[in-house]
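Step one of this worksheet: look at the structure below.
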Amino acid sequence: MKEVVILGAGYAGLRALHVLQGAKEAFHITLIDKNDYHYEATDLHEVAAGTQPRDRICYPINDVVRPQKTTFVQKEVASIDRNQQVIVFKDQSTCTYDYLIVALGFE
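Residue numbers (the working numbering): 1 to 107.
Spelled out as structure tokens, the structure:
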């Protein structure tokens with residue numbers, strides 16, 4: 001089975017995840033992010049102003065992952081070897097892929 005890896009669980013990464021989880025093709029998805037939560041960046045000012053609690057704009061990534069098709073990995077990427085199709089994490093562990101979606105955002 002082909003492996004699709006999505007780097008980043010921001011807006012773009014979660015949109016890609018949503019589309020792929022609904023696809024009929026047989027493949028496995030690995031979603032990778034350094035955090036175990038997603039936050040609505042457009043509402044950060046509400047939390048800063050005290051008009052909304054933090055938990056109204058943050059939610060666990062595992063809440064949007066369909067475990068039968070997707071695995072979530074909380075790690076930080078150190079490098080990507082495109083020739084070998086390998087992602088190396090800061091802890092020196094690795095992850096291979098057939099298809100890679102880089103959606104790491106602006107940070």
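Where is the CB? At the ideal position from N, CA and C, for every residue including glycine.
Take C95, set aside five residues on each side of it, and the residues of its chain with a beta-carbon closer than 6 Å to its own are I87, in chain order.
Residues of the same chain with a CB within less than 6 Å of the CB of Y97, apart from the 5 flanking positions on each side, are E3, V5, Q85 in chain order. CA-CA distance, G10 to V64, rounds to 12 Å.
H38 is not a Cβ neighbour of K69, given a cutoff of 8 Å. L100 and C58 have their C-alpha atoms some 26 Å from each other.
Membership of Q21 in the alpha helix (DSSP H) is indicated by the continuous run 11 to 21. Of all alpha-carbon atoms in G50, R54, E25, I32, the one lying nearest the alpha-carbon of M1 is that of E25. Judged by DSSP secondary structure, S79 falls within the beta strand (DSSP E) whose first and last residues are 77 to 81. The straight-line gap separating the alpha-carbon atoms of T51 and I61 is approximately 24 Å.
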